[in-house]
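Numbering (my numbering), first residue to last: 13 to 637.
C-beta atoms are modelled at their ideal positions from N, C-alpha and C, and glycine is treated no differently.
Note that the structure is predicted; figures quoted are calculated from it, not measured.
The structure under discussion appears below in the form of structure tokens.
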């Protein structure tokens with residue numbers, strides 16, 4: 013039987029099983045539920061094969077499983093994309109996992125496992141995922157190493173140590189490539205479905221923000237590069253000026269030609285944006301000069317990426333903390349005065365006197381504060397045309413309800429108005445290095461135009477002023493209002509909150525300094541390294557020379573013949589050299605030394621070369637005497 017076609021030994025089966033389970037486990041958060049169930053079932057199947065209670069799948073069964081996987085993927089995704097191709101890779105790996113039986117197929121499985129594990133970085137390049145992928149790569153490399161020792165009865169620690177040493181040797185080269193090699197853009201890419209992400213959408217219906225604001229998931233992190241403005245922080249995302257049957261959205265509009273460069277743009281900050289599946293970027297007020305690469309600013313001052321954000325994305329901005337200063341274009345006038353079907357509201361506003369814009373805005377505020385409105389994450393289910401029901405009947409809502417109703421009241425009184433969605437506030441990190449903005453901070457407010465400029469108006473301040481400087485988690489304590497509080501919403505000072513901040517800080521520094529390190533940052537790092545080398549170059553060269561001397565001396569020492577080789581050399585001088593193709597057992601029998609049992613123990617890993625050499629020398633001496 014050819015060596016490659018021999019059945020695997022038990023230690024090799026175990027190594028492949030561990031590597032396979034780890035390879036599938038790293039995908040746990042990124043695979044559909046039916047693929048996860050399939051993975052668990054096939055892992056149990058492989059375990060039963062390992063213990064001899066089940067046999068390998070028959071060819072017909074394997075063919076049926078392949079067809080079933082392809083049909084299931086086509087039915088589940090219905091389009092060709094990154095998720096469908098990686099799911100196909102996972103399914104093919106799982107099928108290879110259960111039918112692997114010899115060294116050739118085991119090598120294919122381990123090499124495929126390396127690519128399968130690395131593919132998870134297409135979805136998440138966070139610190140914990142990256143270290144998890146590294147662990148899986150080591151497991152597959154260890155399995156490849158164990159495959160080369162067919163007669164092992166148990167896994168030797170030395171083989172695992174050798175795998176680790178091999179990986180460590182690659183660290184300097186990897187660090188050099190990370191610092192010195194430019195990050196190339198992909199030649200091709202496959203789209204990611206937005207269904208796998210959480211975050212603000214490019215449109216808004218009543219209830220969208222209240223559902224989103226129950227999730228304590230990070231939206232983005234902000235580092236101020238210099239002086240920071242005083243809170244509150246309004247992070248603008250979408251500007252919604254058109255309304256249709258309960259849906260607010262932004263019309264098609266041209267890009268802004270200039271970059272709103274003005275003297276008020278004094279705040280600089282860096283944003284680490286989590287994947288959202290949308291092209292939305294967030295700015296503190298109106299973005300100004302020095303827009304990030306591959307971004308654009310619309311006429312309404314909303315900032316967009318040229319493609320959906322499906323991976324962690326870092327950008328720097330300069331902006332004001334104020335709304336944009338711009339005149340209303342002719343094509344915008346109709347959308348900014350459009351009304352919903354709300355006859356009661358229209359009739360009420362029709363009775364108001366004709367006043368200046370500021371007085372009309374004040375009248376809207378006074379009317380709201382005179383009514384018993386309530387702020388809640390669990391408002392009633394309103395119809396699409398909800399304004400009359402909200403203003404005059406239920407009077408319970410979230411920020412989006414108040415923003416939409418206020419916009420309609422302003423429009424009914426003749427003031428152009430629109431909704432802005434984004435986030436309000438955030439929490440500073442323990443060390444004050446950055447601010448964390450979560451989905452709990454999702455917010456909507458109003459901008460109205462007084463004929464000269466846009467002005468921000470937040471009706472939430474009239475109903476729940478404590479929301480402006482706090483997250484809803486800080487003052488809405490009803491369990492019905494907070495469905496998924498998360499670690500950051502526990503009592504201040506608790507160990508869970510402290511642990512959550514430590515983990516978040518680790519992710520922040522990883523994204524800034526490793527995963528999303530810009531070319532400028534990479535160049536700066538290389539320059540600092542070069543300056544350090546020039547300053548400490550002589551000492552470093554001396555240290556390297558000493559280290560190389562130690563390595564060469566150690567290598568020369570290890571190249572000496574081991575005890576068994578020296579013993580065989582002595583026997584060769586006395587009894588002649590071993591013949592070609594003559595095994596050690598055959599040679600010992602020819603010269604009259606009985607070593608069959610000891611040689612068998614050595615091949616089984618139960619007797620090392622030093623002990624075998626000592627026994628061989630003793631028995632050879634006894635046979636001569």
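Residue i versus residue j: straight-line alpha-carbon distance, rounded
i	j	result
residue 72	residue 78	10 Å
residue 615	residue 550	50 Å
residue 619	residue 625	10 Å
residue 444	residue 23	51 Å
residue 600	residue 575	16 Å
residue 140	residue 516	11 Å
residue 238	residue 106	51 Å
residue 45	residue 290	24 Å
residue 80	residue 112	19 Å
residue 235	residue 117	50 Å
residue 479	residue 472	7 Å
residue 119	residue 156	6 Å
residue 95	residue 125	18 Å
residue 87	residue 477	49 Å
residue 403	residue 298	31 Å
residue 462	residue 336	13 Å
residue 41	residue 85	18 Å
residue 110	residue 302	54 Å
residue 227	residue 449	12 Å
residue 584	residue 605	13 Å
residue 525	residue 552	25 Å
residue 101	residue 92	13 Å
residue 371	residue 331	30 Å
residue 169	residue 602	35 Å
residue 587	residue 633	12 Å
residue 74	residue 83	14 Å
residue 173	residue 240	50 Å
Local conformation of residue i per DSSP, three classes
i	result
residue 294	coil
residue 229	coil
residue 289	coil
residue 369	helix
residue 42	coil
residue 90	coil
residue 305	coil
residue 346	helix
residue 213	coil
residue 358	helix
residue 619	coil
residue 418	helix
residue 632	helix
residue 239	coil
residue 457	strand
residue 604	coil
residue 259	strand
residue 250	strand
residue 482	coil
residue 585	helix
residue 20	coil
residue 273	Its pLDDT being 45, under 50, residue 273 is placed unreliably in this model, and the value from its coordinates should be taken loosely. In this structure, residue 273 counts as coil in the three-state DSSP scheme.
residue 437	coil
Expected contact under 8 Å - CB spacing of residue i and residue j to nearest Å
i	j	result
residue 348	residue 253	6 Å
residue 246	residue 457	7 Å
residue 295	residue 315	5 Å
residue 408	residue 357	With 8 Å as the limit, residue 408 and residue 357 do not qualify as a contact, their Cβ atoms being about 17 Å apart.
residue 28	residue 121	6 Å
residue 25	residue 62	5 Å
residue 428	residue 340	6 Å
Closest Cα partner of residue i within the set the options
i	options	result
residue 373	53, 475, 460 and 138	460
residue 233	406, 447 and 342	447
residue 421	354, 101, 339 and 65	354
residue 224	366, 369, 428 and 434	434
residue 621	602, 578 and 177	578
residue 154	179, 143, 144 and 142	179
residue 611	603, 383 and 627	627
residue 212	183, 452 and 169	452
Legend entry - Touching by the beta-carbon criterion (3+ pairs, under 8 Å), the segment 386-397 and the segment 302-312: no
Legend entry - At least three beta-carbon pairs within less than 8 Å, the segment 209-228 to the segment 400-413: yes
Legend entry - Any 3 or more C-beta pairs closer than 8 Å across the segment 367-384 and the segment 278-293: no
Inset, instruction - Inspect the CB distances between the segment 29-41 and the segment 58-73 and report whether three or more fall short of 8 Å. - result: yes
Legend entry - Contact the segment 47-56 vs the segment 115-135: 3+ CB pairs below 8 Å: no
Legend entry - Given 8 Å, three or more beta-carbon pairs between the segment 313-321 and the segment 291-304: yes
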